[in-house]
Structure formats: structure tokens, C-alpha cells
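Just so you know, the protein sequences line up as chains A and R, in that order.
Residue 290, in numbering that gives the first Met the number 0, is where the first sequence stops; the numbers in between run on with no holes.
Residue 290, in numbering that gives the first Met the number 0, is where the second sequence stops; the numbers in between run on with no holes.
Glycine included, each C-beta is placed from N, C-alpha and C at the ideal position.
The structure appears right after this line, and notes come after that.
Protein chains: 2
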Amino acid sequence: MGNDGGVLASTANEDGIAVAREAGFHAILEEHLARLDAPSDLPVVICGMAGSRQGWKECGYLEVPAELDDLWKHVAGVNGLNRPVTILPGISQAPGQSSDVMRGEETKLFGASMEGHGAHTYCIPGQHSKWALMAKSQVQGFRTFMTGEMIDVLSRQTILQHSLEGAAEVEAGDPAFSTGVRDGWLNADKLTSTLFSIRAGDLLEHRSPDENLARLTGLMIGAELAGAEPGSDGVALVASGQLAQLYQSAFATCGIEVRLIDAEIAVQRGLFEVWRALISADNTHARSSRS
Amino acid sequence: MGNDGGVLASTANEDGIAVAREAGFHAILEEHLARLDAPSDLPVVICGMAGSRQGWKECGYLEVPAELDDLWKHVAGVNGLNRPVTILPGISQAPGQSSDVMRGEETKLFGASMEGHGAHTYCIPGQHSKWALMAKSQVQGFRTFMTGEMIDVLSRQTILQHSLEGAAEVEAGDPAFSTGVRDGWLNADKLTSTLFSIRAGDLLEHRSPDENLARLTGLMIGAELAGAEPGSDGVALVASGQLAQLYQSAFATCGIEVRLIDAEIAVQRGLFEVWRALISADNTHARSSRS
Numbered sequence: 000m001g002n003d004g005g006v007l008a009s010t011a012n013e014d015g016i017a018v019a020r021e022a023g024f025h026a027i028l029e030e031h032l033a034r035l036d037a038p039s040d041l042p043v044v045i046c047g048m049a050g051s052r053q054g055w056k057e058c059g060y061l062e063v064p065a066e067l068d069d070l071w072k073h074v075a076g077v078n079g080l081n082r083p084v085t086i087l088p089g090i091s092q093a094p095g096q097s098s099d100v101m102r103g104e105e106t107k108l109f110g111a112s113m114e115g116h117g118a119h120t121y122c123i124p125g126q127h128s129k130w131a132l133m134a135k136s137q138v139q140g141f142r143t144f145m146t147g148e149m150i151d152v153l154s155r156q157t158i159l160q161h162s163l164e165g166a167a168e169v170e171a172g173d174p175a176f177s178t179g180v181r182d183g184w185l186n187a188d189k190l191t192s193t194l195f196s197i198r199a200g201d202l203l204e205h206r207s208p209d210e211n212l213a214r215l216t217g218l219m220i221g222a223e224l225a226g227a228e229p230g231s232d233g234v235a236l237v238a239s240g241q242l243a244q245l246y247q248s249a250f251a252t253c254g255i256e257v258r259l260i261d262a263e264i265a266v267q268r269g270l271f272e273v274w275r276a277l278i279s280a281d282n283t284h285a286r287s288s289r290s
Numbered sequence: 000m001g002n003d004g005g006v007l008a009s010t011a012n013e014d015g016i017a018v019a020r021e022a023g024f025h026a027i028l029e030e031h032l033a034r035l036d037a038p039s040d041l042p043v044v045i046c047g048m049a050g051s052r053q054g055w056k057e058c059g060y061l062e063v064p065a066e067l068d069d070l071w072k073h074v075a076g077v078n079g080l081n082r083p084v085t086i087l088p089g090i091s092q093a094p095g096q097s098s099d100v101m102r103g104e105e106t107k108l109f110g111a112s113m114e115g116h117g118a119h120t121y122c123i124p125g126q127h128s129k130w131a132l133m134a135k136s137q138v139q140g141f142r143t144f145m146t147g148e149m150i151d152v153l154s155r156q157t158i159l160q161h162s163l164e165g166a167a168e169v170e171a172g173d174p175a176f177s178t179g180v181r182d183g184w185l186n187a188d189k190l191t192s193t194l195f196s197i198r199a200g201d202l203l204e205h206r207s208p209d210e211n212l213a214r215l216t217g218l219m220i221g222a223e224l225a226g227a228e229p230g231s232d233g234v235a236l237v238a239s240g241q242l243a244q245l246y247q248s249a250f251a252t253c254g255i256e257v258r259l260i261d262a263e264i265a266v267q268r269g270l271f272e273v274w275r276a277l278i279s280a281d282n283t284h285a286r287s288s289r290s
């Protein structure tokens with residue numbers, strides 16, 4: 000990114016924390032940066048699982064209510080490298096039943112809150128979807144739904160797999176998806192039963208794998224929307240690509256007003272704002288040291 | 000079984016339909032019977048997946064409302080064997096959202112209904128728990144919950160596995176189980192979120208694997224009880240062993256009156272009654288042929 004926060008070059012892959020642990024976090028970082036011809040002293044700011052206990056350098060959690068403007072005060076630095084590497088903390092909610100954690104999404108929330116225009120409820124869909132209640136840049140509370148991960152294991156590891164083999168990617172406009180969303184939304188308290196209706200529908204009515212995967216995906220997203228209990232003032236959806244389309248369609252099916260904020264832009268903006276705050280604090284510190 | 004329906008000898012193992020398909024259904028049957036020194040012409044009555052499309056001989060479904068006294072009229076016979084082998088049909092519910100199927104549980108229901116003493120709601124817990132609304136021996140409707148299978152995949156194939164490694168079998172008296180049941184019962188519409196609280200609780204409060212597995216099991220069973228919406232006139236629980244203890248404890252936690260019917264005895268009784276009806280019809284047929 001340039002000094003104005005604009006993206007100069009980018010690179011990405013699907014490797015998760017398991018791959019990074021195996022190859023070494025530093026090696027993976029330098030491999031990415033080499034692809035961008037990045038200077039060897041270019042500072043790096045990281046959010047997500049690199050800050051977890053199994054990550055590169057553990058950086059704890061800010062407990063809710065958490066002021067995202069203060070994220071920069073709680074970062075961890077990785078020592079002994081040529082370049083400055085800064086890792087952001089996650090956010091936690093404790094204790095008891097509503098125990099919850101996030102890592103990485105707090106940075107998306109920070110970036111998104113700058114263009115949230117007064118939205119109070121944010122939804123960040125994914126393997127573990129996060130729903131946050133925000134007041135300006137403060138996270139007041141949040142809740143995780145295991146939607147994406149459960150769609151994966153249900154479709155690969157349970158009896159439902161026989162009804163889903165060879166299914167193509169789900170389209171947001173598929174009627175089987177919308178029907179699934181509606182059933183999941185209206186019967187969220189019967190989720191593990193409506194899921195079985197996919198198997199029964201296949202046996203009795205010979206539905207196609209595409210239809211069955213669309214229904215499964217719809218049921219899981221519909222149940223998430225019901226469980227999250229979005230308020231009447233609409234939801235800011237922080238998402239990109241196919242996931243953004245599916246969730247926009249699901250929100251429309253459930254009659255919930257939604258405003259899309261691009262997740263890629265949100266996380267870039269969050270990272271940049273943390274970096275700017277760190278630089279500004281350094282300068283202030285330098286000035287006050289001189290005076 | 001003797002002519003009075005009493006059990007003379009029994010054998011069992013955990014092999015499912017995949018093993019039986021591989022080894023051959025006939026071979027598996029004779030292997031079991033050889034262990035019992037059963038006569039080579041002893042008749043055999045079978046319920047469950049042997050009657051499915053992937054089974055030994057397909058035997059369709061009775062559609063609800065299904066009179067279990069009529070199960071014997073819809074059996075399939077396996078031809079070309081020394082002994083008479085009779086396979087029972089399943090029950091189906093169609094079409095649309097509430098599509099559902101059962102195979103094997105209809106026989107348990109049939110046996111259980113003979114000692115149900117007016118119970119209207121039956122619960123048969125398992126990998127796929129079945130809840131049936133009955134009027135005497137007629138199944139009026141039913142619903143499947145994927146409780147057991149989902150506990151398995153959640154504990155082995157998702158992020159929750161890291162919080163469950165090495166956990167011992169869940170005890171019905173474990174407070175973490177009861178708390179899980181209560182949370183699952185009260186927040187059934189947020190199931191995929193309360194499940195994630197197991198991971199967060201582990202990270203933030205370092206709970207033990209035993210405690211986490213008890214909570215997971217409780218959440219799933221509590222959500223099943225809520226989704227099944229049992230009426231105020233109590234439930235007949237058709238179960239045996241550890242599963243019977245867990246569900247009895249869960250019903251007590253949710254303040255639902257429950258009457259236990261042993262699942263082993265119920266299925267034996269159902270199989271025997273079907274056999275008796277077949278013999279009786281044969282005799283009637285023989286008599287009317289003679290007259």
C-alpha cells in the first residue's frame with residue numbers, strides 16, 4: 000500500500016495456518032513479498048490467525064466492549080527481522096455461554112465501520128460467520144455461527160454426501176437456495192431435522208445434487224440469519240464475491256435490509272488505519288522525546 | 000426366538016450396511032446364525048437398511064398415516080435360499096419440506112406401541128433420532144434429527160475437535176451435560192453459534208475435553224428436544240443403555256415427563272408380531288384354500 004492507503008500490488012493464496020506453521024511464517028511472508036518485489040525493509044501489518052497461540056507470535060484479545068480505534072495500542076511486534084512486522088490482537092467475549100472469539104474479522108470491522116454510515120449490526124460471512132453489534136467503532140458484542148464449516152462437513156462427511164455428489168457451485172438465484180433460506184429462517188430451531196429432509200427428498204423425489212447442495216446452503220444461511228436476530232435497522236454485510244451474492248440474496252428472501260461493504264477493501268482499510276495510528280504515535284513520541 | 004416370542008439366543012455386532020454389502024448379506028446372516036447353532040431352515044425376519052435400495056432386497060415404504068399392524072402385508076421375501084427370509088418395509092412422509100424416511104425404527108415403534116399405554120409421542124434416539132406421533136399403532140407423522148451423526152462429525156471433523164481430544168464417554172449426571180442441554184433447549188435457533196462457544200470457552204477458560212464433549216452432547220440433544228416440540232402429555236422414550244440414560248437426564252432437565260421403553264425388547268417384539276401375523280395369514284390362506 001502507498002502512503003495514502005491505496006493498494007500498489009497484491010498477492011494471495013488459500014493456505015491457512017496449518018501450511019504456514021509447516022513452512023514457517025517468516026518464509027511464507029517473504030515468499031509473498033518477493034512476488035511483489037517489495038523492498039526488504041517494507042513494514043508489514045498482519046491480522047488473523049498469525050496472532051493466535053498456534054500462530055507466529057501470540058497477541059491476545061481485546062475484550063468487548065472493544066474500541067477498534069485502540070487496536071494499535073495492543074499489537075505485538077516480531078523481533079529479529081530486517082523489516083518491522085506488527086501483528087494485531089483479536090477480540091474476545093467472556094465468560095460463560097456467550098464465550099466468543101474473533102481474529103481477523105476485527106480488522107474488517109474496523110475498516111467497515113469507517114463507511115458503515117450508522118449501521119449497528121455487521122455480518123461477516125465465512126467458515127465461521129461473525130455478527131457484531133457496533134456503536135461507531137466500538138464492538139459491543141458479537142456472535143459466531145459455524146455456517147461455512149458446517150456446510151463443508153455436512154456435505155462431505157455425513158449421510159447427506161450421497162445426495163450431493165458432483166454438485167456444482169450454488170447460484171444465488173437458484174430457487175432451491177431461496178426455498179432453503181426460507182425453511183432455515185422459519186425453522187431455525189429444527190435445523191438438524193430440516194437438514195435430513197435433503198436425504199429424504201432425494202430418496203423419495205430424486206432431486207438433483209445441484210438442487211440438494213443449494214438447499215443445504217440455503218438452510219444453513221437461513222438458520223444463521225434467524226439465530227443472529229438482526230434488528231429492524233438493517234445489516235451491513237461485509238463480504239466479497241460469491242459469498243456476498245449468496246448472503247445478499249438470503250437477506251432479500253428474509254426481508255432484511257442490507258448494505259454491502261466489500262470485505263477486501265474493509266480489511267485493507269483496517270490494516271492501513273492501524274499502521275497510520277502506529278506511525279502517528281511514534282512521531283508524537285519522537286517529538287515529545289525531543290522536547 | 001421361541002414360538003411365544005421369548006428370546007432363546009442372540010448375537011450382534013456393530014457392522015453396518017457398508018460391511019454387509021462388501022461381505023454379502025447372505026454370508027453375514029449365516030455367519031450370525033451359525034454362531035447361534037440355528038437350524039438351517041429357521042425362518043428369519045429382518046428390519047432396517049437390508050430393505051433399502053443399497054440393501055439385500057429393496058422393500059419400499061409405507062406412507063404416513065401408516066398402520067403398523069399392516070407392516071406384514073408389505074414385506075419382501077428373499078428367494079432361492081434354504082430358509083424363509085422376510086424383509087420389512089420402511090415408512091415415508093412426502094412430499095416437500097417435511098419429506099422424511101425411517102427404516103428399522105418402524106419395527107421398534109410397532110413393538111413399543113404395544114406397551115405405550117396411550118403415549119402419543121415416541122422418541123427413538125440415535126445417529127438419526129426419530130420422533131413419531133402415534134395413535135395406537137398408527138404412525139401419523141414423524142421427524143428425523145441428525146443428532147448422533149452430527150455429534151460425531153462435529154467432534155472429529157471441525158475446529159471443535161481441538162477442544163475434545165481424549166475426552167471420555169459422557170456421563171448423564173455431568174453438570175456440563177445438563178448445562179449444555181439447557182442451553183441447547185433454550186437457544187435451539189442459535190445451535191451453530193452455541194456450538195462455537197465450546198471452542199471459545201476452551202481458548203478463554205481452558206475447559207477440559209470431558210467438559211467440552213459433555214457440553215457438545217448436551218447442546219445437540221437439548222436442541223433436538225426443543226425442535227421436536229413434545230406435547231404436554233409426555234414422551235415414550237424407546238432406548239437402551241447409555242443413550243437411554245442421557246436422554247432421560249435431558250428430558251428431566253427440560254421438565255418433560257418421560258416413560259422409558261427398552262429399545263431391544265421393542266424391536267424383538269415388533270419383529271415377532273410381524274412374523275406371527277404372516278404365519279396367521281398363511282394358515283388362514285391354507286384353510287380357505289382347503290375349503
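Here the alpha carbons of G183(A) and I264(A) stand approximately 30 Å from one another. Taking F250(R) as reference, the option from G179(R), K135(R), R275(R) with the minimal CA-CA separation is G179(R). Taking 7 Å as the threshold, the shortest C-beta distance from K189(R) to chain A falls below it.
In this structure the segment 187-195 of chain A does not lie against the segment 137-145 of chain A, because fewer than three pairs of beta carbons, one per stretch, are closer than 8 Å.
Check the Cα spacing between E105(A) and each of A11(A), E114(A), A93(A), I123(A): the tightest is with I123(A). At a C-beta separation below 8 Å, T157(A) has these neighbours in chain R: M145, E148, M149, V152. Nearest to A167(A) by C-alpha distance, out of Q126(A), S154(A), D209(A), G103(A), is D209(A).
Exposure of V18(A) is indicated by the presence of fewer than 16 other C-beta atoms within 10 angstroms of its C-beta.
Here DSSP, grouped into helix, strand and coil, assigns I264(R) to helix. For V237(R), the three-state secondary structure derived from DSSP is strand. Secondary structure note for G89(R): its beta strand (DSSP E) is the uninterrupted segment 89-92. Nearest neighbour of C58(A) by Cα position, chosen from Q241(A), V84(A), G15(A), P229(A), turns out to be V84(A).
Proximity of chain R to L194(A) at the Cβ level (cut-off 7 Å) is accounted for by M145, in chain order. Three or more Cβ pairs closer than 8 Å define a contact, and the segment 63-71 of chain R falls short of that threshold against the segment 227-245 of chain R. Residue ranges of uninterrupted beta strand (DSSP E) with 3 or more members, entirely inside the segment 118-206 of chain R and ordered along the chain, are 120-123, 128-134, 137-144. If you check the CB distance, R181(A) and T252(A) come in under 7 Å. Of all residues in the segment 85-119 of chain R, only S91, Q92, A93, P94, G95, Q96, S97, S98, D99, V100 come within less than 9 Å of chain A when Cβ atoms are compared, listed by chain position.
The criterion of a C-beta distance shorter than 7 Å is not satisfied by Q139(A) and P38(A). The three-state secondary structure of R258(R), taken from DSSP, is strand. Runs of the beta strand (DSSP E) lying entirely within the segment 206-231 of chain A, each at least 3 residues long, are absent. Note on K135(R): under 16 other CB atoms within 10 angstroms of its CB, so exposed under the neighbour-count rule. At a cut-off of 7 Å between C-beta atoms, A251(R) does not count as an interface residue with respect to chain A.
Interface residue (Cβ-Cβ distance to chain A less than 7 Å): L35(R) is not classified as such. The beta carbon of L202(A) sits closer than 7 Å to some beta carbon of chain R.
With a threshold of 16 other beta carbon atoms within 10 Å, N186(R) meets it and is buried. Your pair I90(R) and Y121(R) does not check out as a contact, with CB atoms roughly 12 Å apart and the cut at 8 Å. Between L159(A) and R214(A), the C-beta spacing is not below 7 Å.
Counting other Cβ atoms within 10 Å of its Cβ, I278(A) stays below 16 and is therefore classed as exposed. With fewer than 16 other beta carbons inside 10 angstroms of its own, H161(R) counts as exposed.
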